[in-house]
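Residue numbers are given in my numbering: position 154 of the sequence shown equals residue 609, and the series is strictly consecutive.
From the three backbone atoms N, C-alpha and C, an ideal C-beta is built for every residue, glycine too.
Fair warning: this is a prediction, and the values are worked out from it, not measured in the lab.
See below for the structure under consideration.
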Amino acid sequence: MRSRGWLRLLWLVAAVAVVLMVFAACEDEEEETATPAGTGTPAAAVPELSDGVLQVGSDIAYAPIEFFEEGTTTPKGLDIDLANALAEELGVTTEFVNTGFDGIIGALNASRFDVLMSAMTVTDERSQEIDFVPYFIAGTDILVPAGNPKNIGAIEDLSGLTAAVQIATIQVDQLTAANADLKAAGDPEITVLTFDQNPLAVEQLRTGRADAVLADSPVAANDARLSEGELESVGLTIPPEPYGIGVRKGSTALKAAIEDALQAVIDSGKYEEILKDWGLEGGAIE
Numbered sequence: 456m457r458s459r460g461w462l463r464l465l466w467l468v469a470a471v472a473v474v475l476m477v478f479a480a481c482e483d484e485e486e487e488t489a490t491p492a493g494t495g496t497p498a499a500a501v502p503e504l505s506d507g508v509l510q511v512g513s514d515i516a517y518a519p520i521e522f523f524e525e526g527t528t529t530p531k532g533l534d535i536d537l538a539n540a541l542a543e544e545l546g547v548t549t550e551f552v553n554t555g556f557d558g559i560i561g562a563l564n565a566s567r568f569d570v571l572m573s574a575m576t577v578t579d580e581r582s583q584e585i586d587f588v589p590y591f592i593a594g595t596d597i598l599v600p601a602g603n604p605k606n607i608g609a610i611e612d613l614s615g616l617t618a619a620v621q622i623a624t625i626q627v628d629q630l631t632a633a634n635a636d637l638k639a640a641g642d643p644e645i646t647v648l649t650f651d652q653n654p655l656a657v658e659q660l661r662t663g664r665a666d667a668v669l670a671d672s673p674v675a676a677n678d679a680r681l682s683e684g685e686l687e688s689v690g691l692t693i694p695p696e697p698y699g700i701g702v703r704k705g706s707t708a709l710k711a712a713i714e715d716a717l718q719a720v721i722d723s724g725k726y727e728e729i730l731k732d733w734g735l736e737g738g739a740i741e
């Protein structure tokens, strides 16, 4: 009787051990297949996020879209807040890489960061180099001295005048097209001054070396607001186009994850909240 009792006890212990092993295996499987919040995409399926960081290239000198808080190296702005919201959905952190706008596409394609968010308007030419996820809409505005002494109401009114602009922006393309039209009509062309950053272009207007500055509408409006009455914006003069989050052509998994995360941010109401924080509700995508 005693030997049979011990045998039954040994069988019971063995059975319990098997159950515990199966339970532990199931737990490990669940942990391995966990996904970042909001995307439904396993982190392992997105190579760029395997280090737990979303690296964002941006020319951080274009307030209120992206800029450094005065006296600090802390980035702020619409793009910064939205990138952080996307990263939260993806279950990663953000790292912002300050990069000159004229070389930012090349830097992305050289894998110096994962994506670019830099108030970049989606164009056919740019879309040949990288892919985009549209997230905001903005047009071009014209910044002039207070009182608009040259009566500039549209880009063609800059005929014979000088316009300052940031290099490699869509505004350079717009001025080039305007000059082609002016030349064909036999009218004086626009003298175009280009600068590495928008604040340098605005300084030309302040000092009288330029008659106007062309920039994205939120930026021109912000520059006017901060000028203490010295400058004013003419208003939206060129139809709005979408900004896009730039992604390398080969980063298909990352692009899909960004699209999913953006939709989650929109659905949660966080997107609308961010735009409202910066007074940019009018640029919401539909």
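In the structure shown, F556 falls within a helical segment according to DSSP collapsed to helix, strand and coil. Distance between E687 and P654, taken at the CA atoms: about 15 angstroms. I740 counts as exposed, since fewer than 16 other C-beta atoms from the protein chains shown sit within 10 angstroms of its C-beta. Taking 8 angstroms as the cut-off, the Cβ atoms of Q621 and T595 do not count as close.
Membership of V657 in the alpha helix (DSSP H) is indicated by the continuous run N653 to R661. Using a C-beta cut-off of 8 angstroms, the stretch 704 to 714 makes no contact with the stretch 599 to 616, since fewer than three inter-stretch Cβ pairs fall below that distance. Shown here for T692: same chain residues with a beta carbon closer than 8 angstroms to its own, the five before and five after excluded, namely G594, T595, D596, I597, G608, A609 and I610 in chain order. Ranked by Cα distance from A565, the options I585, D666 and L533 are led by I585. The C-beta separation of T578 from I625 comes to about 7 angstroms, placing the pair in contact by the 8 angstroms criterion. Between F551 and V501, the gap from beta carbon to beta carbon reaches 8 angstroms or more. Residue ranges of uninterrupted beta strand (DSSP E) with 3 or more members, entirely inside the stretch 607 to 636 and ordered along the chain, are 617 to 621. Considering only D569, F556, D557 and L533, the residue with the shortest C-alpha distance to T549 is D569. The Cβ neighbour count for S582, taken over all protein chains shown within 10 Å, is under 16; the residue is labelled exposed. Cβ neighbours of D666 within its own chain (closer than 6 angstroms, five residues either side excluded): K605, L616 and T617. Look at the stretch 678 to 724 and you find these whole runs of alpha helix (DSSP H), each 4 residues long or longer: 707 to 723. At the C-beta level, E521 and G507 stay beyond 8 angstroms of one another.
Taking C-beta atoms under 8 angstroms as the contact rule, P673 and L735 qualify, at a distance of about 6 angstroms.
A Cβ-Cβ distance of about 25 angstroms is found for the pair E524 and A716, leaving them out of contact under the 8 angstroms criterion. By the criterion of a C-beta distance shorter than 7 angstroms, I729 is surrounded in its chain by L533, D536, L537 and A540, once the five residues flanking it on both sides are discounted.
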